[in-house]
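In my numbering, the protein residues as written are 752 to 893.
Written as structure tokens, this is what we have:
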């Protein structure tokens with residue numbers, strides 16, 4: 752498993768051991784990104800980068816060549832496949848609470864995802880635990 756984390760660095764898991772390497776880069780772009788090339792190729796390319804790492808075109812090229820978009824292992828679920836039946840709302844006596852809950856339920860379609868896996872390549876890795884059902888991503892895809 753390969754995981755990019757800010758500010759810790761690049762963690763490579765091989766044979767149940769984690770190896771941390773310093774990596775400084777824009778945090779919004781680096782964590783939760785799946786590999787789009789086999790892990791061995793990514794590690795080899797990382798080891799070939801000039802050290803110490805710098806936030807430059809070499810690092811940017813490495814990230815765009817070997818990593819997909821954060822959350823690309825997920826796909827939106829079509830609204831036609833979603834069913835919401837908030838029967839519990841019949842027991843909510845406060846109109847304000849009921850209205851708030853309805854508003855939250857209304858945004859679920861925008862936040863509901865399914866796991867579709869990473870890049871279509873053997874040896875690619877990502878940090879998601881695959882689930883066999885849809886789920887709501889609260890606050891983002893990562």
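Every residue gets a Cβ at the ideal spot worked out from N, C-alpha and C, and that includes glycine.
- The Cβ atoms of residue 863 and residue 833 sit closer than 8 Å to each other.
- When C-beta atoms of the region 822-836 are compared with those of the region 789-806, fewer than three pairs fall below 8 Å, so the two segments do not count as touching.
- Contact fails between the region 805-825 and the region 842-861, because fewer than three Cβ pairs, one in each stretch, are under 8 Å apart.
- Under the DSSP assignment, residue 826 falls outside any alpha helix (DSSP H), being part of the beta strand (DSSP E) whose first and last residues are 825-827.
- The residues 866 and 868, in chain order, have a CB closer than 8 Å to that of residue 881 in the same chain once the five nearest residues on each side in sequence are set aside.
- A check of alpha carbon separations from residue 798 across 813, 785 and 788 identifies 813 as the nearest.
- Taking residue 849 as the centre and dropping the five residues before and after it, the same chain places the C-beta of 840 and 843 closer than 7 Å to its C-beta, in chain order.
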